[in-house]
Amino acid sequence: MQTLKRLYTFSFLPLVVLLVGVFFSVLIAWKSDQWIDKIEAIRFDAASKEITALIQKELDSHVQLLNSSAAFILSSENMTRNEWQTFAKMHGLALNFPSLYALGYVPLVEASKKEAYEKKMAEDSAMAQYKIFPSSSHSTLFPITYIEPFTEQTAQILGYDMGSEAMRRQKIEKALKKGSVTITPKIEFVKQAQASEKKGFIIYMPFYYRHHSLQNEAERLAAAKGVIYSAIKVNTFFENILKANDGLVSFEVYDCESLSEETLLYNSNPTLTAPRLERSVVFSSNDTHWTLYFKANSVLHNQLNHYFPHIQVFIGILFSILLSGWVYALQRTRSRAYEIAEEKTKQLSESEAWVRLLFKTMQEGVMVINREGVITECNDTAKKILPSFNKTLIGTLNSELPWKALHEDGSSFLPEELPFMKVLRSGESQNGIIMGIQREGYPLVWMQMNAAPLYLHDNDNVSAVVLTLSDITNYRRSKYKLEKYLSMIDKHVIISTTDLKGVITEVSEAFCKISGYSKEELIGANHSIVRHADVPSSVYEEMWKAIKSGLIWRGELKNRHKDGSAYWVETIIAPRYDEDYSLIGYTAIRTDITDKKRVEELSITDRLTGLYNRLKLDELFAHHLSIARRHHTPFSIILLDIDKFKSVNDTYGHQVGDTILQEFALCVKAQIRSEDIFGRWGGEEFLLLLPNSPLENASLLAEKLRLCVASFSFSQVGMKTASFGVATFHEGDDEKSMMVRVDEALYRAKENGRNQVVLERLNFKESL
């Protein structure tokens, strides 16, 4: 019984609220629905009338254009095509009449004067091919004479007799008889490229010789001069109407008063087949009659308006339910509030216990200092960082602590510089403060400290400051050692880093020392700043190919010092990656091997000329011959000899002869490629190794060298010449067989009079 009474007490008022709310919601929704239907009918009728007016306005604009055209023609006794074109440009047809397919001038030509008219029109060079077509049995012709815009499509109908089609002749003759505008039914523009623009209609405007007074049809026909016509593209014409309208009402246009697919002229919305709102209007203009069928599902800008009454009912009922539920809930809230308060108090106690545990076990030291400077809280980690103050830390004034706070440079913190004082003064956190704690008789402890304000009662005044401490003593020691090691590496190891394009980003002091450049000159410059011209491009191509593929490249490189001198380094270049393992650049580590290379150079260099000696030539000859044999690449050699060199030694002495050899070596070396190998073979004989050079190229080079030597003025002796033998690699060749052929070719050059280039003999190779 008590339960039923409580249920009745809690439910009666909510039930009354619910029933009243439902009643008024339904009543308001019914009235809204009636009002919406009325407004929609008014708007649909207004939109239909607006579209009808827009169609009439658009037709009137075309009729006005035809009136202007007729007046223009009558003002000129013999209008030319250029005058017609100028008239069209002045009216901006494309801009002002986008639906216009063509504006044309169609004179009335008697059939007996057809040839004379064609001949007259052909006098215009632009209309030399003018012909009236097709053939017609009518006594009068209506050929298209001028047309704008003059395009590739419209040019094809120039000369077309509009009277050759019965319907068009009927409309033209009617316009001439009545003296008024006529409009054709639906037609198709055959020459129109786009299918969507094929449908259209034509407006004809008659014009007469102005000195006649025209009272009836007979007089008009007798004074008829022709017609001006405007060919209209249906789709563009009515789409312009749509653009000027808000688009909520769609419409169909039929070419008569009956509605059928055959008479359909235009449909703005073919997908709308079962409209909620519809209306038909017969549109009459000039001599044409169109049926305008208007249709729409809704003419309200917000489509939700149709559902507004339903929404009102739904919201009203929902609000009534919520209101009754709220009333019911209020009566139960009080008892539930006590239960929640008790539960939250218990949760708060548990949360405080967890916070206390977290505070004590944190890996960072935590201290709380109040506005008076008294330490009120301190966790175990802070006590471990400051072990000598375990017993006296909590409750101690900060100013009474027996330590000295130091900056990184060793100077003492002033009282106003202490982090907690800055927070109390400004209310802003202090982060990343490095502080040293020094007390006599104890090791120096370095800490990284953060200080943050604590607001206990309001957000205006800082009640206390929370300090977090991290012991970084060991970190600073390690950092010092690392910096020391890095300094040693910087001074003694030749290191550089570049980006992906070879632009230097970092260099060591040792790199600056060996290259002669300062860090400022090197960083930002391309690594080619130390590239030596003697190093072939192929070496760098091979190097870039390797490191771009993520491989490590090793090799010896000859580099250029800032003063122009050379130094040698043994180099290791490795790719450099970021955290996402994306390639970001390269690191190069080098070892100075200049002294080693000098020793090697002495062992392979001819001391007199500075060229490779025979020992080195033999080694390189075998190497390049092996490459040619393995990869089937061309390889040629040139053996050259200074003509009558013995007479120089006999006449001028060996010192002059040595000078001639040196000048000869410089002359030849200046004409060859960097990859070509030039050396002294013995005495006055020199050998050229030409990798990747066929016999023809080697022959051309030999002839170039012969002319160069012959035109060179040598010290004391003047002009000298040289003889050249040329041979190339063939399958089965070795060093000996190639040298035999090239030596035999040089011998023939000497025998045939010297100062000439002689090629190897293949039959001589076969005899060997």
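Counting from 1, position 690 in the sequence shown corresponds to residue 956 in the working numbering; the numbering is continuous, with no gaps. Cβ coordinates follow ideal geometry from the N, Cα and C atoms, glycine included. Predicted model, so just to flag it, every value in this text is computed and none were measured.
Contact annotation: residue 821 and residue 837 have beta-carbon atoms nearer than 7 Å. In the structure shown, residue 873 adopts coil according to DSSP, grouped into three states.
Secondary structure in the segment 419 to 498: the beta strand (DSSP E) runs of 3 residues or longer, each lying completely within the stretch, are 465 to 474 in chain order. With fewer than 16 other Cβ atoms inside 10 Å of its own Cβ, residue 550 counts as exposed. In this structure, the straight-line span from the alpha carbon of residue 843 to that of residue 756 is close to 21 Å.
One thing to note: residue 702 has its Cβ no nearer than 7 Å to the Cβ of residue 663. In this structure residue 395 is exposed. Its beta-carbon is surrounded by fewer than 16 other beta-carbon atoms within 10 angstroms. Under the DSSP assignment, residue 545 falls in the beta strand (DSSP E) whose first and last residues are 543 to 551.
Listed as beta-bridge partners of residue 278 by DSSP are no residues whatsoever. As the crow flies, the alpha-carbon of residue 450 is around 21 Å from that of residue 517. Under the three-state reduction of DSSP, residue 802 is assigned to coil, being neither helix nor strand. Residue burial is scored here from C-beta neighbours: residue 893 has fewer than 16 other C-beta atoms within 10 angstroms and is therefore classed as exposed.
Proximity to residue 576 across 772, 975, 288 peaks at 288, based on C-alpha coordinates. In the three-state scheme derived from DSSP, where H, G and I count as helix and E and B as strand, residue 620 is classed as helix. Beta bridge pairing from DSSP links residue 533 with 518. Residue 760 and residue 835 do touch by the CB rule: their CB atoms are close to 7 Å apart, below 8 Å. Residue pairing by DSSP places residue 644 opposite 633 in a beta bridge. For residue 368, the three-state secondary structure derived from DSSP is strand. Under the three-pair Cβ rule at 8 Å, the segment 585 to 599 does not count as touching the segment 473 to 487.
Between residue 565 and residue 313 a beta carbon distance of about 6 Å is seen, short of the 8 Å cut, so the two are scored as contacting. Nearest to residue 532 by C-alpha distance, out of 382, 556, 544, 514, is 556. Contact between residue 1011 and residue 1022 does not hold, since the beta-carbon distance rounds to 10 Å and is not under 8 Å. About 17 Å separates the beta carbon of residue 527 from that of residue 501, a gap too long to meet the 8 Å contact definition.
According to the DSSP secondary-structure assignment, residue 414 is paired through a beta bridge with 369.
In this structure residue 796 is buried. Its beta-carbon is surrounded by 16 or more other beta-carbon atoms within 10 angstroms. Under the DSSP definition of a beta bridge, residue 824 partners with 834. Closest in C-alpha terms to residue 766, from the list 841, 681, 957, comes 841.
Using a C-beta cut-off of 8 Å, the segment 366 to 373 makes contact with the segment 492 to 507, since at least three inter-stretch Cβ pairs fall below that distance.
With 16 or more other Cβ atoms from the protein chains shown falling within 10 Å of its own Cβ, residue 472 counts as buried.
Secondary structure note for residue 737: it is in no alpha helix (DSSP H), and the uninterrupted beta strand (DSSP E) holding it is 730 to 737.
Under the 8 Å Cβ criterion, the segment 991 to 1001 does not count as touching the segment 928 to 937, having fewer than three qualifying pairs. Between the alpha carbons of residue 972 and residue 909 lies a distance of about 11 Å. Here the alpha carbons of residue 636 and residue 715 stand approximately 17 Å from one another. At a cut-off of 4 residues, the continuous stretches assigned as alpha helix (DSSP H) that sit fully inside the segment 884 to 929 are 911 to 918. Per DSSP, residue 1011 is one residue of the alpha helix (DSSP H) stretching across 1001 to 1017. Judged by their CB atoms, residue 470 and residue 437 are nearer to each other than the 7 Å cut-off.
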